Amino acid sequence: MIKMSKMNRKGELTTGQIISIILIIIGFLALLWFVVYQLGFSGRIDKDTCHTSVVLRGTLPSLGGAEQYAPLKCKAEKICITAGFIGGNCESDYGNEKGITKVKVNDIEQIQQFIAQDIVECWNIMGQGKVNLFSQWIAGTYGIGSVYPTCVVCSRIAFDREKLSNIGINLGDMDLNKYMSTHLIPGKTITYTDFFAGENSKVKISDTITLPKGTTINGKTSLIASDENVPVQELTQEEIDAQIAEERKNADLQSRAFAILFMQISAPTQFGSAANIGKTLFVGGVSSFVLAPGVTTSAVKSGAKLCTSGGWVGPAVCGGLLALVGIAQQTNVAINRQVTAGYCGDVSVGTDARNGCSAVRTVHYDVSEISNYCSIIEGIP
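Each residue of the sequence shown is one higher than the one before, starting from 0 at the first, in numbering that gives the first Met the number 0.
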């Protein structure tokens, strides 16, 4: 009897341990579900991987565009802004796509706070405009060929219209520009607007609509680079505000998904590109040799013979060739600087726009709208 009593007590103890283990496992699984699906832990991993690849590319030499061989491992985070205890997945925008990060909010200010922080995070992940990630090396260094803007889509943000409407959130009340100019970045003593104004680049926010190059309002066209040194903005702020106010009446447009993207484009100065060509022709033979030893060596030899041959024919022909190359190259530089001014005129002024820019933009997640600013998309949008 005594032995049987001890066995029962042991059995009861074992049962208690099993129950404790089960509860621990359930708690762990619940915590794991919350971290992965509610906080977007997988998205955090993607962002860290992206930033690491940005740092790697930024540390590689630009010689011959070598940095382009380090791929950017960046994937746009798919975000659904929703409300309620469980929240939705923004099926109308994402369908059956997996890996959606839910962001549950209670009011319009929380939406604006999240978007503002996501813009800053995009800027930080992509190197804060301090590294040249998308250089068109020949065009950027020598002014030969064309330049074009390249982008990385940091985030896709969609709205759960039904859930947000159920708690009284009207997306038409969102004024992100005002929010960013009046609220401090968490952990800093500076507003979002001042942070970007003092940085290496700009931020371009559109509350409800984008006004890409060529947009016409009241017969005027926006964001056109003029033939002068300073790009012009023909639209007045009042006209833009009026257009935004009109668009706010469109409930469907208000709730459209949009993208937060990082854009970069640059063009050489005419003096700088001419100097680079001179260095390559007369000094930088060794650097060119790294890229194409056979071609470079033969080109230098033939060029030397042409330019130093006896009589007046050699130097004259050499001078003519160099002059023609110089004219074509300088013309190309001027064109490229006009191109960059067109893409950067709304976030930079004067020569800053013509030299290029890095910018974080918000645009509707639509191929036609994104293509207004991006010729190439790197990463997974």
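For each residue, glycine too, the CB sits at the ideal point set by N, CA and C.
Note that the coordinates shown come from a computational prediction; the quantities given were computed from them, not determined experimentally.
Residue i - containing beta strand (DSSP E), residue span
i	result
Phe257	257 to 265
Cys150	149 to 158
Lys177	No beta strand (DSSP E) holds Lys177; the alpha helix (DSSP H) holding it covers 175 to 181.
Glu96	It is not in any beta strand (DSSP E) - Glu96 carries neither H nor E in the DSSP assignment.
Cys79	76 to 81
Ile375	375 to 377
Residue range of the alpha helix (DSSP H) that includes residue i
i	result
Ile110	107 to 124
Glu90	90 to 93
Thr192	191 to 196
Glu368	366 to 370
Pick from the options that is closest to residue i, judged by C-alpha positions
i	options	result
Ile107	Asn169, Gly128, Thr190	Asn169
Leu260	Gly167, Ile375, Met173	Ile375
Met262	Thr181, Gly126, Asn165	Gly126
Ala196	Val359, Ile156, Val152, Ile114	Val359
Arg160	Gly87, Val54, Gly98, Ile264	Gly87
Gln109	Gly378, Lys187, Asp174	Asp174
Ile156	Lys187, Ile23, Asn105, Asp92	Asp92
Tyr178	Ile23, Val104, Gln112	Gln112
Ser154	Ile25, Asn176, Thr361	Thr361
Gly128	Ile25, Thr14, His50	His50
Ile379	Thr48, Gln16, Asn371, Ser19	Thr48
Ile85	Gly94, Ser19, Asn105	Asn105
Gly94	Phe158, Thr14, Leu59	Phe158
Whether residue i touches residue j by CB criterion (9 Å)
i	j	result
Val130	Phe194	no
Ser52	Lys72	yes
Gln116	Pro185	yes
Thr149	Cys356	no
Thr257	His182	Looking at the sequence itself, residue 257 is Phe, so the reference to Thr does not match. It is not a contact, given that the beta carbons lie outside the stated cut-off.
Asn165	Ala82	yes
Ile99	Cys121	no
Glu377	Val102	no
Leu132	Arg56	yes
Ile264	Tyr147	yes
Thr190	Ser180	yes
Arg255	Asp365	yes
Ile114	Lys46	no
Proximity test, residue i beta-carbon vs the ligand SAH heavy atom, cut-off 8 Å
i	result
Val54	Absence of the ligand SAH is noted for the structure shown, with no ligands found whatsoever.
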